[in-house]
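When we follow UniProt numbering, the leftmost residue of the sequence shown carries the number 1, and every step to the right adds one. Yeah, the Cβ is synthetic: ideal placement off N, Cα and C, and Gly gets one too. Some notes on the structure that comes next.
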Amino acid sequence: MFEKLRNAFSLAAKSFGEKELKEKDIDEVLFELEIALLESDVATEVIDSIKDDLKKQLIGSTVNKDKIAETVKQELRKSISNMFNDAGTVDILSNIQKKKEKGEPYIISFMGINGTGKTTTIAKFANLLRENKYSVVIAAADTYRAGAIEQISEHGKRLNVKVIAQNYGSDPAAVARDAVLYAKSHKIDCILIDTAGRMQTSKNLMDQISKINKVVNPDLKLFVGDSLAGNDTVSQAREFHNYTKFDGAILTKSDADARGGSAISIVKVTSSPILYLGVGQEYSDLKSFNKEVFLETIFGPEESVEEIKKKPEPKVELKPEPKVELKPESKVELKPESKVELKPERSTQEISNDDPFVGISTQDIEKYSDIFDVSPPESDDQARKLAADIRKWISAGRPKSKPKDEPKSKPEPEMKTKDESEEEDEVDSEKDEKPIKKRSLFGWLKK
């Protein structure tokens, strides 16, 4: 039920959440809200009231921007809730009990145009009273519509409820009076009066309702309207209320109503509460109108507003971690050449203590390799020995040749005997390998 109305309020809250709290932007969103509410059969008086309430609360507000949508939804909910509160409510069963204790019947008159389900609603109401252990009599005061007396009489048989009727064309007020006399003589708890369906623009027929009310003086006057008729139902309620102030309304076919604006509009226009909703074809399909259930249907549970706001928070916290922290670290690791050469001190702090070349610059390693024709070490022991030799060479002032008593760091080539052709090939290969020796820290630097 009421999907269209729910979507209208939801979109309004979302739109505010994407805008600053400026009057121009608020007017733009309120215009969009007005269109959506008109499409949901909300009366213009109601729309103006909602817009005024929102503007008073939001213009110049210092609400956190992240909470604008939540605030708007709360204000919309509060505005609708206040309309229902101002209309009040009627505890029919409690009032019937009070009259019963006095030994008097409780009289209820039903009004509305033909086709709204008024007669069926009376039958549902009779069933409701019987379920609550109250006796009922029905007055068939619709003496104009063909088949009206037979229809209400058939409902009476099914429900085992007495129906007071006269001939077609009889005075409706006389039928209502007969029902009251019967109820008093038989100690009946409640009288339900079915009046003729009439257009709200027919003055003669509307005058007949006034006559019935004067003759029997009902305790409660109820308007029955069709939820699916939308603004027509609102217009009907307005006219009926102008002729005879009814005390509450029942909306039929509410289970098929996707708009929901009729309920809000009738409450605002007539200042009368919605008491019951017809939600099906069975006698039991008459439900008491509950303001909180209605608001929850339109806006969702109040807790859901907070839940929606809590969900994005962990996402916002998680997203910066890989973006801010992890990405810069990966860049340093992937491109260390320029940083290691320009700032060796920083790179040595990041290199493991197992590296024997810690503290030795790339330039010194390459220069030492060129001068003394040193091949890359093939084991950890050779690497440590080579690093020690380079440190001695650096401490000696980086001479162009080794001291006489210092052996070469790589004696293995002297122990080998090779042919001249092999030596030439080796020289050529060493020339080819020179870029490889210059390229790295012998296994600890990247290629």
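- By the criterion of at least three beta-carbon pairs nearer than 8 Å, the segment 161-174 is in contact with the segment 133-146.
- Between PHE299 and ARG77, the alpha-carbon positions lie close to 7 Å from each other.
- Between THR195 and ASP142, the CB-CB gap stays under 8 Å.
- Per the coordinates, the alpha-carbon of THR116 lies some 7 Å from the alpha-carbon of VAL224.
- Taking C-alpha positions only, ASN132 is separated from ALA126 by approximately 10 Å.
- When the Cα atoms are used, GLN208 and ALA176 turn out to be separated by approximately 12 Å.
- Within the same chain, VAL234, SER265, VAL269 come within 6 Å of ALA43 by CB-CB distance, once the 5 residues on both sides are set aside.
- Among the bridge pairs identified by DSSP, ASP189 is matched with none.
- Annotation note: the segment 107-183 contains the following uninterrupted alpha helix (DSSP H) runs of length 4 or greater, listed N- to C-terminal: 118-131, 148-159.
- In the structure shown, the three-state DSSP call for GLY230 is coil.
- DSSP, reduced to helix, strand and coil, places ALA263 within a helical segment of the structure shown.
- Shown here, THR71 sits in a helix according to DSSP, grouped into three states.
- C-alpha of PRO399 to C-alpha of ASP355: approximately 25 Å in a straight line.
- Secondary-structure assignment with DSSP links VAL46 through no beta bridge to anything.
- Just so you know, the alpha carbons of ILE193 and ILE107 end up roughly 8 Å apart.
- Straight across, the Cα-Cα distance linking ASP48 with LYS100 is about 43 Å.
- Residue environment analysis places ILE35 among the exposed positions, since fewer than 16 neighbouring C-beta atoms fall within 10 angstroms of its C-beta.
- Just measuring C-alpha positions, the residue of LYS291, LEU295, LYS118 sitting nearest LEU275 is LYS291.
- Following the DSSP letters along the chain, one finds THR252 inside the beta strand (DSSP E) bounded by residues 248-252.
- In the three-state reduction of the DSSP assignment, ILE390 falls in the helix class.
- In the same chain as HIS241, and ignoring 5 residues on each side of it, the C-beta atoms closer than 6 Å to its own belong to THR270, in chain order.
- The Cβ-Cβ distance between PHE84 and VAL267 falls below 8 Å.
- Under the 10 Å beta carbon count, ASN213 is surrounded by 16 or more other beta carbons and is classified as buried.
- TYR368 counts as buried, since no fewer than 16 other beta carbons sit within 10 angstroms of its beta carbon.
- For ILE96, the uninterrupted alpha helix (DSSP H) run begins and ends at 92-101, by DSSP.
- By DSSP's assignment, LYS268 forms no beta bridge with any residue.
- Rounded to whole angstroms, the gap between the alpha carbons of SER288 and ALA229 is 21 Å.
- The three-state reading of DSSP puts VAL374 in coil, since its state is none of H, G, I, E or B.
- In the displayed model, TYR243 falls within a helix according to three-state DSSP.
- Checking the DSSP bridge columns, you'll see LEU222 partnered with PHE110, GLY248.
- Distances from the alpha-carbon of GLU28 to those of GLU45, ILE59, ASP41, SER185 put ILE59 closest.
- Take the alpha-carbon of GLN363 and the one of ALA396: they are about 16 Å apart.
- With respect to the 8 Å criterion, LEU286 and LYS124 are classified as neighbours on the basis of their beta carbons.
- Taking the Cα positions, GLU104 is about 32 Å away from GLY280.
- DSSP places SER79 within a helical segment (H, G or I) once states are collapsed to three.
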